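Novice: Residue numbers (the numbering used here): 8 to 166.
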């Protein structure tokens, strides 16, 4: 019942919109013709009001027509855009994956062992490969310093 009413309303919008737009277009053409013919003959245009009526009616007619054809227009736009979006997705997916991996890996910071070069988790005290000490204390300020640091993060002394 509701869908049938909706279909009837759309049909009314389509018919009324096209009819109003065509009538408005005829008014606009007549108004312009009268205007230019009378101006050329140095007379006062008498049908200028048709332009004033025609332009708003043309807008209303086009709006009604678009409302009546909205579903068809949207389906067309969808069918044109979905393949483009899918292609774009296929092209940028590797880049997005690389960015996601970089973000994920940036959260897991590592410390490089000075003895063997192995990457170890930042919270490790000893190398997982050779057992060398990864954390030292600064000789000046006694602050904890990672094994691969060249300078103390607290006082700046070269280690």
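We put the CB at the ideal spot given by N, CA and C, even for glycine.
As the structure is a computational prediction, the values presented were derived from the model and not from experiment.
With DSSP collapsed to three states, give me the class of residue 142.
Specialist: On the chain shown, residue 142 is found 135 positions in, with the first residue counted as 1. Note: residue 142 maps to strand in three-state DSSP.
Novice: Using a threshold of 8 Å, state whether the C-beta atoms of residue 126 and residue 140 are closer than that.
Specialist: Along the chain shown, one-based indexing puts residue 126 at 119. Along the chain shown, one-based indexing puts residue 140 at 133. Not closer than 8 Å, so no.
Novice: On the DSSP bridge list, what partners appear for residue 158?
Specialist: In the chain shown, the residue the question calls residue 158 occupies position 151. DSSP, once it has assigned bridges, lists 165 as partnering residue 158.
Novice: On the DSSP bridge list, what partners appear for residue 153?
Specialist: Locating residue 153 in the chain shown gives position 146, counting from the first residue. Answer is 142, bridged to residue 153.
Novice: Pairs of beta-carbons, one from the segment 59–79 and one from the segment 20–29, closer than 8 Å: are there three or more?
Specialist: Touching, per the Cβ criterion.
Novice: On the three-state DSSP scale, how would you describe residue 48?
Specialist: Within the chain shown, residue 48 is the residue found at index 41, counting from 1. Residue 48 falls in the coil class under three-state DSSP.
Novice: Are the segment 30–44 and the segment 53–64 touching, with three or more C-beta to C-beta distances below 8 Å?
Specialist: These segments touch.
Novice: So for residue 39, helix, strand or coil by DSSP?
Specialist: Translated into the one-based positions of the chain shown, residue 39 becomes position 32. If DSSP states are grouped into helix, strand and coil, residue 39 belongs with the helices.
Novice: With DSSP as the reference, label residue 132 as helix, strand or coil.
Specialist: For this step, residue 132 is matched to residue 125 along the chain shown. Residue state, collapsed to three classes: coil.
Novice: In whole angstroms, what is the alpha-carbon distance linking residue 93 and residue 79?
Specialist: As a working note, residue 93 is residue 86 in the chain shown. As a working note, residue 79 is residue 72 in the chain shown. So the two alpha carbons sit approximately 22 Å from each other.
Novice: Keeping to the same chain, check which residues put their C-beta closer than 6 Å to that of residue 143; ignore five residues upstream and five downstream.
Specialist: Within the chain shown, numbered from 1, the residue matching residue 143 stands at position 136. Correct list, in chain order: 152.
Novice: Are the segment 70–84 and the segment 37–45 in contact at 8 Å, needing three or more beta carbon pairs?
Specialist: Result no; under three Cβ-Cβ pairs closer than 8 Å.
Novice: Work out the CA separation of residue 76 and residue 21 for me, nearest whole Å.
Specialist: In the chain shown, residue 21 corresponds to position 14, counting from 1. In the chain shown, residue 76 corresponds to position 69, counting from 1. Looking at the two C-alpha atoms, the distance is approximately 7 Å.
Novice: Apart from the five residues on each side of it in sequence, which residues of its chain come closer than 8 Å, Cβ to Cβ, to residue 132?
Specialist: Position 125 of the chain shown, counted from the first residue, corresponds to residue 132. Within the same chain, residue 132 has close Cβ partners 140, 141 and 142.
Novice: Any idea if residue 166 is buried or exposed, counting beta-carbon neighbours within 10 angstroms, 16 or more meaning buried?
Specialist: Along the chain shown, read from residue 1 onward, the residue named residue 166 stands at position 159. Residue 166 comes out exposed.
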